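With the first letter of the sequence shown counted as 1, position 264 gets the number 263 in numbering that gives the first Met the number 0; the numbers rise by one all the way through.
Each residue gets a CB set at the ideal place from its N, CA and C atoms; glycine is no exception.
Keep in mind the model is a prediction, meaning the values are calculated, not measured.
In what follows, a structure is listed as structure tokens, so that the remarks can point back to it.
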Amino acid sequence: MSEDGEEEEEEERWGRGFGPGTSTGGGGASSDTPPPFSDQVLENVLENVLQFLDSRHDRSSASLVCRSWYRAESQTRRELFIGNCYAVAPSRAVARFPRAMGVVLKGKPRFADFGLVPPGWGARFSPWAAALSSAYSSLERLSLKRITVADADLGLLSRSLPSFRDLSLFCCDGFGTAGLASIAENCRHLRVLDLIENDVEDDEEDEVVDWISKFPDSPTSLESLVFDCVRCAVNFDALEALVARSPALRRLRVNQHVSVGQLRRLMARAPHLTHLGTGAFRSAQAGVKEEINDLELAFINASKSLVCLSGFRDLGPEFLPTILPACSNLISLNLSYAEITADQLRPVILHCHNLQTFWVLDTVGDEGLQAVAATCKDIQELRVFPLDATEDSEGSVSDVGLVAISEGCRKLQSILYFCQRMTNAAVVTMSKNCPELVVFRLCIMGRHLPDHRTGEAMDDGFGAIVMNCKKLTRLAVSGLLTDKAFGYIGKYGKSVRTLSVAFAGDSDLGLKYVLEGCPKLQKLEIRDSPFGDLGLLSGIGHYYNMRFLWMSSCKLSLRGCREVAQRLPNLVVEVIRDRSEDDDGEFVEKLYLYRSLAGPRNDAPPFVKIL
């Protein structure tokens, strides 16, 4: 699952349906009071009806009708989404929804991915692990994102949940091979073990555990096994045997320690794979030509079922053509770890007529993107990552590549584009050619870079995006922007739910435009921008409706942050200091503001001050 999959969903208001007495028609009695007999019959009928209501947003609204609906919705919700692990106490969540079978839990703010959240900030899974393991004996599915997970937490879950089947960890840390071994050994019905972009590395004093060998020797129920982020080598013989006795396996992503020869053997053991992560894609021996021929044959055999390819972390360019037999059926191709040129990409991409998702490094240049635009007419998601993300990098893609994509890929719905050179004209062209855009993230690397042809601010380009793309829910802006750009966002960005701002803006008026003009805004993250106390205070009437606000390296003062905390006592206002900062300093480096039913957390480290 991509990070966006990840994040573009609409968020329900925390507080809706989470505590007795919050419903609109229930009077003053506690929702725990048993209803009369006739009402109980009606609630049984209502529970049967609510089981067919899949949307959590619809369910949240239904819980507000009256106490009967509140109770019925509580008893029938099977999937629990918690967008901030500090938004509600674990005990309250499990008491409110006692029959949940699947839980999605998120922790640190997204800017943690860029190193802006100091190590040790929090988001530990341990309190949640204790609550889930004691309350949900039938829990089957758990998805964690940006959470610190200890090996002991995974051990507790594996021993306490006999029906547990699916574990997905995204951008998590704190655990190693011992925790994975507990899951493999104790979860006998495991279907999914997806480890995506986690920091999985045992400390020097920890013994690396052969976790693959801990899976049961009998046939397994595994459908998905993803461990490309695990840095240590695995027991390949045990992995091959595991794949062989997992007839339902459809998704397999291995790490860079698995060679192309070993990959070919795994593909032979799992002939019905739909998703494959290749690991290392370079020869480890002298017989390169023979290995290439064998691998090409493996992709010929896999071509009928394979629809998603990723990996290529250590790519030998001579091996890239081996995937050609599978390209015509691919709907997703991730080359974001492959440092390839346009000439190397072109022979491959010319066979990928059915691609819907494509991730690539900017080393392919504008010429590579032009080849993509000429062939891949059905692309809905495109991500172009930088090989060198430093500000002084020249980059290899520009407005030329963006225009080509917009002209050739008219079905585009989501784009992430890193570049050094951009023009308003190119962004305006994309807004007109791709009006179905839901996600537009343009990252112009470097600070305050203008239109590289005219020298003007990028206001008109981003203004065109919010004016012409009516379905836009996520927007990331960068480059030289004035208050005019934020005025456009406030006026036309009525569906925007997530806004990311970096190195942009003129004054507090820009922030005021956004906070007062975007009624559906849920997540606002700002870094290195000139917004201060006046801009912060302009959102006083809107923060209760948002999930969070993050501001770092702006112009905030402790006095302004304290005023927000005083005027909005039900919000949590955290001031995060670098460890070397003066505790009594007036300048605020990082502000994290979020709504919570649990009040201020009790595990804040010393460098976090909760106002």
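With at least 16 other beta carbons inside 10 angstroms of its own, GLU290 counts as buried. DSSP lists ALA475 and GLU524 as the bridge partner or partners of SER499. Close CB contacts of ALA279 within its chain, under the 6 Å cut and outside five residues either way in sequence, are with GLN255, SER258 and ASP313 (chain order).
Here the alpha carbon of ASP236 sits roughly 37 Å from the alpha carbon of ASP387. For LYS107, the three-state secondary structure derived from DSSP is coil.
With fewer than 16 other CB atoms across the displayed protein chains lying within 10 angstroms of its CB, ARG558 is exposed. In the three-state DSSP reduction, MET100 falls in the coil class, being neither helix nor strand. Burial check for ASP150: the Cβ neighbour count within 10 Å reaches 16 or more, so the residue is buried. Restricting attention to VAL102, ALA180, GLN369 and VAL207, the CA atom closest to the CA of PRO215 is found in ALA180. Apart from sequence neighbours up to five positions away, the residues of its chain that approach LEU194 with a beta-carbon distance below 7 Å are LEU168, VAL225, PHE226, CYS228 and VAL229, ordered along the chain. When the Cα atoms are used, GLN521 and ALA269 turn out to be separated by approximately 43 Å. LEU381 is a Cβ neighbour of ILE404, given a cutoff of 8 Å. Shown here for SER125: same chain residues with a beta carbon closer than 7 Å to its own, the five before and five after excluded, namely ALA149 and ASP152 in chain order. Excluding the 5 residues flanking it on each side, THR176 has same chain C-beta neighbours closer than 7 Å at ASP201, VAL207, VAL208, TRP210 and CYS231, in chain order.
In this model, ARG446 and GLN412 are separated by some 27 Å (Cα to Cα). With at least 16 other beta carbons inside 10 angstroms of its own, SER430 counts as buried. Looking at TYR487, ALA92 and ARG98, the one whose alpha-carbon comes closest to that of ALA71 is ARG98. Runs of the beta strand (DSSP E) spanning 3 or more residues and lying entirely within the stretch 392-437 occur at 413-418, in chain order.
Around the beta-carbon of GLN565, fewer than 16 other beta-carbon atoms lie within 10 Å, marking it exposed. According to DSSP, SER309 shares a beta bridge with GLY276.
One Cα belongs to SER528, the other to VAL495, and the distance between them is close to 20 Å. It is roughly 19 Å from the alpha-carbon of MET550 to the alpha-carbon of LEU479.
Across the structure, THR497 and LEU523 are spaced so that their CA atoms are roughly 6 Å apart. The alpha-carbon of PRO434 is positioned some 18 Å away from that of THR422. For TYR491, there is no enclosing beta strand (DSSP E); the residue is part of the alpha helix (DSSP H) that begins and ends at 482-491.
C-alpha of SER499 to C-alpha of LEU441: approximately 10 Å in a straight line. Look at ARG452 here: in three-state DSSP terms it is coil, with no helix or strand label.
In this model, GLY540 and VAL563 are separated by some 10 Å (Cα to Cα). When the beta-carbon positions are compared, LEU401 and TYR416 come within less than 8 Å of each other. Residue state for TRP120 is assigned as coil, using DSSP reduced to three classes. Sequence-distant partners of LEU555 (beyond 5 residues in either direction) whose C-beta falls short of 7 Å from its own C-beta, in its chain, are GLY531, ASP532, LEU535, VAL587 and LEU590. Around ARG123, the same chain offers THR147 as residues with beta carbons nearer than 6 Å, after the five sequence neighbours per side are excluded.
By the criterion of a C-beta distance shorter than 7 Å, SER304 is surrounded in its chain by HIS271, LEU272 and THR273, once the five residues flanking it on both sides are discounted. In the DSSP assignment, LYS589 is bridged to SER551 and ILE575.
For ILE81, the enclosing beta strand (DSSP E) has its first and last residue at 78-81. Residue pairing for LYS144: DSSP places it in a beta bridge opposite LYS105 and PHE169.
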